[in-house]
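Comments concern the structure below.
Here you go:
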């Protein structure tokens with residue numbers, strides 16, 4: 004009766020996609036929680052568009068190699084992150100219009116570059132294609148998750164302090180910039196590693212939506228991280244089932260599921276939700 | 233002893249302070265007063281090594297960054313950040329790095345500091361639950377565990393109620409009694425008269441030591 008739940012995962016390529024997305028679901032949302040706390044949500048947008056020209060250049064030089072496209076994406080992502088950081092310092096935190104300019108430029112350049120390569124389906128690149136999750140893509144996702152979690156554990160405490168009070172960090176240690184940079188590298192790795200399965204425009208969704216939703220469920224940092232991982236895993240499973248049964252690309256399906264969970268959290272979560280605001284105070 | 237000689241500070245092109253010279257003795261308690269924009273915060277940051285001098289010199293008498301605690305105005309912090317009071321304090325108790333742990337003695341220091349500012353029962357509460365005054369107490373507890381020789385406070389009593397102000401003043405007097413050097417940016421001239429033996433008044437690009445303005449200027 005519930006065949007539509009299990010049937011997708013009887014297929015090898017769906018199980019691969021599931022394994023990869025679950026790995027990413029464990030690694031990416033904690034980074035998203037920090038992006039939200041640092042008021043850098045817009046940064047994730049900039050990155051997802053910013054990696055596209057790099058991926059395109061990788062494809063132009065090495066064809067449809069996941070590694071070449073991945074390396075191109077990481078290089079472009081880091082470049083974009085550094086330029087964005089420089090803009091933030093130059094404008095004193097009022098960089099949003101310039102960031103918008105940057106990601107529009109990057110998206111246009113990426114799409115133009117990819118259009119010169121007739122072997123690449125633009126829709127797959129932007130929105131994901133579970134059929135394309137080969138060994139390289141799967142190892143990429145699992146490998147990035149394996150690197151991200153211990154790295155985040157190591158920089159956790161300085162990163163918390165730097166996110167809460169960058170001025171204090173600067174005054175007492177002066178190395179706040181280093182932790183910030185390591186953190187941005189992890190974000191770039193997670194965004195890029197998801198591009199095969201989820202598409203460059205959608206892989207940020209798995210990072211940000213569960214993180215934003217988690218704010219409505221816990222008032223502790225560790226609690227928000229746990230909730231965000233749980234929501235991301237649910238989104239991955241639910242999204243892949245949706246993708247298979249409705250024949251829509253995996254990226255939008257997973258992000259739609261994550262978005263649905265966010266709306267539910269926003270409406271009914273115990274902290275700061277619409278339902279909570281409407282209820283009489285106890 | 234902190235010796236200032238010919239200190240000039242700018243914001244971009246604009247000179248906000250120039251030719252400031254003088255001495256702040258080790259263990260002294262000094263209030264920094266003056267109108268908005270007279271350069272009080274910038275001078276404090278320059279002493280902490282966070283704002284470059286365009287000319288002149290500040291000699292800290294051998295103090296390094298780890299000996300200095302700067303309590304900036306707390307209003308810029310995100311009070312919705314999901315973190316408990318004791319974590320805010322404990323995070324500051326040691327120079328942080330990926331491989332350093334927060335040991336038992338640090339946790340004990342954190343507990344003691346929170347108790348000193350009257351927040352013993354709030355240890356595990358998230359900072360979102362605090363009032364402005366209680367949050368300022370947490371920041372004072374954080375400054376206590378920094379155990380610094382030189383303590384710089386930027387408008388520590390802004391948005392703080394009278395009871396909390398009295399408590400925090402007693403912490404400052406305790407620091408003074410322990411022989412630490414304390415410099416505080418303050419607006420309330422009456423409070424300065426009653427509690428601060430030394431003053432530095434900054435007005436339009438000039439400075440006067442141990443000379444308070446007449447009460448008519450207090451509104452600034």
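Chains as they are written, first to last, in our numbering: chain A, 4 to 285; chain B, 233 to 452. Glycine residues also receive a C-beta, built at the ideal position from the N, C-alpha and C atoms. Being a predicted model, the structure only gives us computed values, none of them experimental.
How many Å lie between residue i and residue j at the Cα?
{"i": "residue 432 of chain B", "j": "residue 175 of chain A", "result": "25 Å"}
{"i": "residue 289 of chain B", "j": "residue 201 of chain A", "result": "57 Å"}
{"i": "residue 124 of chain A", "j": "residue 75 of chain A", "result": "18 Å"}
{"i": "residue 159 of chain A", "j": "residue 313 of chain B", "result": "15 Å"}
{"i": "residue 168 of chain A", "j": "residue 15 of chain A", "result": "47 Å"}
{"i": "residue 285 of chain A", "j": "residue 356 of chain B", "result": "Note on residue 285 of chain A: pLDDT 45, under 50, position unreliable in the model; the coordinate value appears next. In a straight line, the C-alpha of residue 285 of chain A is about 21 Å away from that of residue 356 of chain B."}
{"i": "residue 41 of chain A", "j": "residue 321 of chain B", "result": "19 Å"}
{"i": "residue 59 of chain A", "j": "residue 265 of chain A", "result": "32 Å"}
{"i": "residue 451 of chain B", "j": "residue 430 of chain B", "result": "With a pLDDT of 44 at residue 451 of chain B, under the threshold of 50, the predicted position of this residue should be treated as unreliable, though the coordinate-derived value follows. When rounded, the distance between both Cα atoms is 21 Å."}
{"i": "residue 89 of chain A", "j": "residue 246 of chain B", "result": "23 Å"}
{"i": "residue 206 of chain A", "j": "residue 193 of chain A", "result": "8 Å"}
{"i": "residue 130 of chain A", "j": "residue 310 of chain B", "result": "35 Å"}
{"i": "residue 449 of chain B", "j": "residue 99 of chain A", "result": "With a pLDDT of only 49 at residue 449 of chain B, under the threshold of 50, the placement of this residue in the model should not be trusted; the figure read from the coordinates follows. Taking the straight line joining both Cα atoms gives about 41 Å."}
{"i": "residue 232 of chain A", "j": "residue 28 of chain A", "result": "6 Å"}
{"i": "residue 267 of chain B", "j": "residue 419 of chain B", "result": "8 Å"}
{"i": "residue 109 of chain A", "j": "residue 251 of chain A", "result": "26 Å"}
{"i": "residue 50 of chain A", "j": "residue 280 of chain B", "result": "35 Å"}
Would you mind stating whether residue i and residue j have Cβ atoms separated by less than 8 Å?
{"i": "residue 56 of chain A", "j": "residue 91 of chain A", "result": "no"}
{"i": "residue 162 of chain A", "j": "residue 37 of chain A", "result": "yes"}
{"i": "residue 191 of chain A", "j": "residue 73 of chain A", "result": "no"}
{"i": "residue 362 of chain B", "j": "residue 349 of chain B", "result": "no"}
{"i": "residue 315 of chain B", "j": "residue 237 of chain A", "result": "no"}
{"i": "residue 105 of chain A", "j": "residue 77 of chain A", "result": "no"}
{"i": "residue 22 of chain A", "j": "residue 209 of chain A", "result": "no"}
{"i": "residue 199 of chain A", "j": "residue 140 of chain A", "result": "yes"}
{"i": "residue 385 of chain B", "j": "residue 252 of chain B", "result": "no"}
{"i": "residue 20 of chain A", "j": "residue 150 of chain A", "result": "no"}
{"i": "residue 381 of chain B", "j": "residue 261 of chain B", "result": "no"}
{"i": "residue 234 of chain A", "j": "residue 256 of chain A", "result": "no"}
Say whether chain A places a C-beta atom closer than 8 Å to the C-beta of residue i.
{"i": "residue 367 of chain B", "result": "no"}
{"i": "residue 372 of chain B", "result": "no"}
{"i": "residue 304 of chain B", "result": "yes"}
{"i": "residue 284 of chain B", "result": "no"}
{"i": "residue 248 of chain B", "result": "no"}
{"i": "residue 324 of chain B", "result": "yes"}
{"i": "residue 428 of chain B", "result": "no"}
{"i": "residue 315 of chain B", "result": "yes"}
{"i": "residue 309 of chain B", "result": "yes"}
{"i": "residue 410 of chain B", "result": "no"}
{"i": "residue 358 of chain B", "result": "yes"}
{"i": "residue 280 of chain B", "result": "yes"}
What would DSSP say about residue i, mapped onto helix, strand or coil?
{"i": "residue 107 of chain A", "result": "helix"}
{"i": "residue 267 of chain B", "result": "coil"}
{"i": "residue 288 of chain B", "result": "strand"}
{"i": "residue 449 of chain B", "result": "The predicted model places residue 449 of chain B with a pLDDT of 49, which falls under 50 and marks its position as unreliable; any figure quoted below should be read in that light. Helix, per DSSP."}
{"i": "residue 255 of chain B", "result": "strand"}
{"i": "residue 386 of chain B", "result": "strand"}
{"i": "residue 237 of chain B", "result": "strand"}
{"i": "residue 435 of chain B", "result": "strand"}
{"i": "residue 119 of chain A", "result": "coil"}
{"i": "residue 33 of chain A", "result": "helix"}
{"i": "residue 416 of chain B", "result": "strand"}
{"i": "residue 250 of chain B", "result": "strand"}
{"i": "residue 402 of chain B", "result": "helix"}
{"i": "residue 44 of chain A", "result": "helix"}
{"i": "residue 302 of chain B", "result": "strand"}
{"i": "residue 252 of chain A", "result": "coil"}
{"i": "residue 440 of chain B", "result": "strand"}
{"i": "residue 14 of chain A", "result": "coil"}
{"i": "residue 229 of chain A", "result": "helix"}
{"i": "residue 261 of chain B", "result": "strand"}
{"i": "residue 242 of chain B", "result": "strand"}
{"i": "residue 283 of chain B", "result": "coil"}
Report yes or no: is there a C-beta of chain B within less than 8 Å of the C-beta of residue i?
{"i": "residue 171 of chain A", "result": "yes"}
{"i": "residue 168 of chain A", "result": "yes"}
{"i": "residue 227 of chain A", "result": "yes"}
{"i": "residue 125 of chain A", "result": "no"}
{"i": "residue 91 of chain A", "result": "no"}
{"i": "residue 163 of chain A", "result": "yes"}
{"i": "residue 279 of chain A", "result": "no"}
{"i": "residue 160 of chain A", "result": "yes"}
Less than 7 Å separating the Cβ of residue i from some heavy atom of the ligand ATP?
{"i": "residue 166 of chain A", "result": "Absence of the ligand ATP from the depicted structure is noted, as is the absence of any ligand whatsoever, leaving it without description."}
Check whether chain E comes within 8 Å of residue i, counting only Cβ atoms and requiring the distance to be less than that.
{"i": "residue 416 of chain B", "result": "Looking at the structure shown, chain E is missing, and the protein chains on hand are A and B."}
Kindly provide the ranges of any alpha helix (DSSP H) runs that are 4 or more residues long and lie completely inside the region 162-219 of chain A, ordered along the chain. 169-175, 179-196, 198-201, 206-217
At 3 residues or longer, and completely inside the region 48-113 of chain A: list those beta strand (DSSP E) runs for me, N to C. none
I'd like the ranges of any beta strand (DSSP E) spanning at least 3 consecutive residues and lying wholly in the region 332-386 of chain B. 382-386
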